[in-house]
Amino acid sequence: MKNILEMRNITKEFPGVKALDNVNFQVKEGEIHCLVGENGAGKSTLMKVLSGVYPHGNYDGDIVLNGEVQKFARINDSEKKGIAIIYQELALVPEMSVYENIFLGHEFHKKGIVNWHSTRVEAIKMLEKVNLSVHPSTKVIDLGVGVQQLIEIAKALSKDVKLLILDEPTASLNEDDSENLLKLLKDLKKEGVTSIMISHKLKEVIAIADTVTVLRDGKTICSLDASKGEVVEKDIIKYMVGREINDIFPKRENKKFGDVLLEVKDWSAFDKNLGRHVVKNVNFNIREGEIVGIAGLMGAGRTEFAHSIFGNMKEYGLTGEIFIKGKPVKHNHPSDAIKNGLAYVSEDRKGDGLILIQDVKQNITLANLNKIAKRTVIDKHEEVIVAEGFRQSLNIKTPSIEQKVNNLSGGNQQKVAIGKWLFVEPNVLILDEPTRGIDVGAKYEIYTLMNELIAKGMSVIMISSELPEVLGMSDRVYVMAEGKLTGELPIEEATQEKIMEMATL
Amino acid sequence: MFKELRAALSENIRDYGMYIALAVIMVIFTVLTDGLFLTPRVLSDLIDMTGYIAVLSVGMTLVIVIRHIDLSVGYVAGFLGAISAILSFKLGWSIWVIIPATLALGAMIGMFWTGTLVARLKVPAFVATLAAMTIFRGLLIKVTNSETIFTGNEAFNAIGNGYIPDIAKVDGFHILTIIIGVLAVLAFVFMEIRNRKKLIQYKLRVSSMPMFIIKLAFVASVVMFFIFKLASFKGLSWTAIIVGVVVFIYNFITKNTTLGRHIYAVGGNPEAAELSGISVKFITYVVFASMGMLAALSGILFTARLQSATPTAGMGFELDAIAGAFVGGTSASGGVGKVTGSIIGALVMASLSKGMDLMNVGVSYQYIIRGLVLVVAVIFDVQTRNMKSKKA
Ligand SMILES: Nc1ncnc2c1ncn2[C@@H]1O[C@H](COP(=O)(O)OP(=O)(O)OP(=O)(O)O)[C@@H](O)[C@H]1O
Ligand SMILES: [Mg+2]
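Okay, here's the thing in structure tokens:
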């Protein structure tokens, strides 16, 4: 089969970082090609070069599409050639309807007057292609992330796409939605659409890929062919991190649980904007030295539960009690929760986790500035030492701690977010989807870190949609569905099936 | 080394842009007015007429950084200026009482009116302050009774017109001014060197030694040039000293304190700031209270300058202050902006007015040109920002 795309000797430098170093990348027509590699390996950058986000002249090397050298000056140019890229952060307009979103930017119009009728008809066709049964007039804001992802794809299809690029499309999807999406990619393949997918979920890579290309430190390491049986998890990991990793979850020596550290009784949160309860009558506790997992589907109220006990009340009406070491406490603001030893690593690092326009060190110290300040005057040199310390201990890949967080790769942003909350020195660390978008090596590092923390007597609450992780790391599992706790399982009794059953109650 | 200079300039063009703009404007007007623009008398006057706008620009910078705007500052300044004149003339209070009382009143207006509306009741700042603008316009007319009120107090007027006393006069130079200038330059050099040492110690990026020396020498000579100009006239004015102190304090707070860091965090991402334990509400109150206090200071400076309060005082100040902040590189999307930048921005706008006045350019053209300069400055800001993110 011929190559639809060849990227030859691509080199791309940012101040202080060589993100791509003579990368060669070939994609055959009609295949599903997965691109894998550690955080910061350069995957996203390579795709941004391909789609014209970084215009011609901004990088070295050649992009050859169907045998022709391309010089894209803008994203529009690559779109005209049938390339569509779907970023991890969805780019839909929340207040607009599904059909408006699908044809946003290339509306059916005559002299600038939109023909809404054919827009709607065409939108329905596109939705059929992606197997979606939502009404085209629904506002995007009312739909789940999984559906939104499919709408993004419908949007790409409406532009007559030949080469579809997806950057970590399943990172924030639950298992059902992920499967849906992978199935769709296979269907599209039958229709002749070539896909390039970036993913850290090796299971799905193995399930779907015809070819896997591994990047490491900005270089192509190898291309593995599925038809030759080369796509094997162990090998992929080895090529990705440059060494073998045998256990995905680090072992834990002698578990020792102390007293109950945090207890929540009859906890309910009423969302005044939505006009309904997002958390209902939750009873929850965690002991010193314990990792408690909270499993459930997207929208089960796990994040809302975390926000509400963390004092981020937004528009919530709250009832119930919180006890820390047996003493009742009230968290009217996150600062109260922080004072009482809680820390919350948000699931949405770009939305409410980090300040993207500020640098690594400012983000790390933000939640505990007083610790490096004397009479409110910040000791900037102390700040550098603190940030440098976390950069090393968490292995954050950045040219300098003065780099804007915006310029870090997704996984390294996550490490900054974790570092920020470790600096608070909490007793209870709440991790909301801690390994979303994180490579296998870094996942292992984060799991190891969790074990180290509990060994010191800290407690870790881990909200996660990845069941293997919940099962692999927790000492106890709570399951939530529709705002309610639907089950509690000691780890010995927990299985994927039981959890799924409780989660879909 | 030229290469490094070029690289440094192009990399930090956003930071240096407005200094270059200011220099260009000054040079152009100096040429066009046959040197009149750079005479000590004109410079001295330029500083005094920038003063009352500059302090507003400082406060406005923080307001814009936290993604709000304050349209009321002009008439609040006018109103509080009138109050201070009344306190001085009718009640005969000393300025040592008038100044703190007026500043406190200003802070209270910012806190209880704007702060409550914006932070508590979630009214958009644009609307809340638009309402305040009309209200204080009315109050100003009311308290002045549509008449001009003289302050009738020498000490008060000196704030806007007077100069610092001298200890000795040598060759017609104002010695205290020169001493202050030299001390300021020495302090600057000392801090820069200390900072550089620390940066090297922590292996962070620094410019090369020759570049560093060039920069220090350049800043020092520019400052001393202006100091000598002023010293050959009547020395530093009280306005210059007051603005200097305000800038120093605000610069320190924004750069070195937890409060400053919290303000920029709220501007950069309010949700993330809130989750980090920072009360967005509290910061909003603080920033508007500071704005109100600086509006009061602006009113005092302006009243002192005119030696009286008028029923139309403060008209349009808010626009000049906002323009100063934007020209000075404050970003309209929040989270970015420097107090020092805004001062330069205010100086750019004032230099334009002063220069055009000297050239007898008609008022109509003055407004048009100032508007165009504002747009150019913002285009420059937006473009260089895009350039950076594209390159990066
Ligand atoms: N705009 C930028 N400015 C500076 N450095 C950047 C920028 N974008 C990316 N980088 C750097 O380039 C390298 C590659 O980043 P990239 O985002 O391509 O990684 P990735 O493979 O997609 O990682 P992840 O799996 O974490 O998303 C990283 O070291 C990153 O810090
Ligand atoms: Mg990426």
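Sequence order for the protein chains is A and B. If you count the first sequence from 1, position 93 lands on 93 in our numbering, and the numbers rise without skipping. If you count the second sequence from 1, position 211 lands on 211 in our numbering, and the numbers rise without skipping. Glycine included, each C-beta is placed from N, C-alpha and C at the ideal position. Owing to the predicted nature of the structure, the values given are computational and were not obtained by experimental measurement.
- Residues are counted here when their Cβ sits less than 7 Å from a Cβ of chain B; for the region 160-190 of chain A the count is zero.
- Considered as a whole, the region 235-315 of chain A harbours 260-271, 276-287, 291-296 as its complete beta strand (DSSP E) runs of no fewer than 3 residues, in chain order.
- Around the beta-carbon of I242 (chain B), 16 or more other beta-carbon atoms lie within 10 Å, marking it buried.
- As DSSP reads the structure, R216 (chain A) sits in a beta bridge with A:K219.
- Pairing P334 (chain A) with E318 (chain B) gives a Cβ-Cβ distance that is not under 8 Å.
- Residue environment analysis places G289 (chain A) among the buried positions, since at least 16 neighbouring C-beta atoms fall within 10 angstroms of its C-beta.
- When secondary structure is reduced to three states using DSSP, Q403 (chain A) falls in the coil class, being assigned neither helix nor strand.
- Residues of the same chain with a CB within less than 7 Å of the CB of N451 (chain A), apart from the 5 flanking positions on each side, are P250, R252 in chain order.
- Counting along the chain, the unbroken beta strand (DSSP E) around S195 (chain A) starts and ends at 194-198.
- Counting of Cβ neighbours within 10 angstroms places T211 (chain A) among the buried residues, the total reaching 16 or more.
- G316 (chain B) is positioned such that its CB atom lies no closer than 8 Å to that of S342 (chain B).
- Among the CB atoms of chain B, none fall inside 8 Å of the CB of N76 (chain A).
- Positions of the alpha helix (DSSP H) runs, each at least 4 residues long and wholly inside the region 146-223 of chain B, are given as 154-161, 175-201 in order along the chain.
- Distances between the C-beta of D167 (chain A) and the heavy atoms of ligand 2 include at least one below 7 Å.
- Less than 8 Å divides the Cβ of T213 (chain A) from the Cβ of F25 (chain A).
- Around the beta carbon of R276 (chain A), fewer than 16 other beta carbons sit within 10 angstroms, so the residue counts as exposed.
- In this chain, the beta strand (DSSP E) harbouring L431 (chain A) covers 428-432.
- Residues of the region 345-356 of chain A that bring their beta carbon within less than 8 Å of a beta carbon in chain B comprise S346, G351, D352, G353, L354, I355, L356, in sequence order.
- Pairing T504 (chain A) with G487 (chain A), the inter-Cα distance amounts to about 11 Å.
- Counting along the chain, R8 (chain A) sits inside no alpha helix (DSSP H); it lies in the beta strand (DSSP E) bounded by residues 3-14.
- Taking every protein chain shown into account, the CB of S298 (chain B) has 16 or more other CB atoms within 10 angstroms, so this residue is buried.
- For H381 (chain A), the C-beta contacts it makes with chain B under 9 Å involve K198, Q201, Y202, in order along the chain.
- At least one heavy atom of ligand 1 sits closer than 7 Å to the Cβ of F14 (chain A).
- Proximity to N406 (chain A) across A:K397, A:L356, A:V145 peaks at A:L356, based on C-alpha coordinates.
- Note on geometry: alpha-carbon atoms of E168 (chain A) and M197 (chain A) lie some 7 Å from one another.
- Under a 10 Å Cβ-count criterion, G419 (chain A) is classified as buried, with 16 or more other Cβ atoms of the shown protein chains found around its own Cβ.
- Across the set A:I463, A:N115, A:I141, A:I286, the C-alpha of A:I463 shows the shortest separation from the C-alpha of Y344 (chain A).
- Q201 (chain B) and H381 (chain A) have their C-alpha atoms roughly 10 Å apart.
- I300 (chain B) is not a Cβ neighbour of G235 (chain B), given a cutoff of 8 Å.
- Taking 8 Å as the cut-off, the Cβ atoms of V42 (chain B) and K354 (chain B) count as close.
- Between V386 (chain A) and I364 (chain A), the C-beta spacing is below 8 Å.
- When beta bridges are read from the DSSP output, S97 (chain A) appears opposite A:K139.
- For M480 (chain A), the enclosing beta strand (DSSP E) starts and ends at 476-481.
- Judged by DSSP secondary structure, T486 (chain A) falls outside any alpha helix (DSSP H) and instead within the beta strand (DSSP E) spanning 484-490.
- In this structure, the alpha-carbon of K122 (chain B) lies about 41 Å from that of G92 (chain B).
- Residues of chain B with a Cβ closer than 7 Å to the Cβ of L369 (chain A) are, in chain order, T258, R261.
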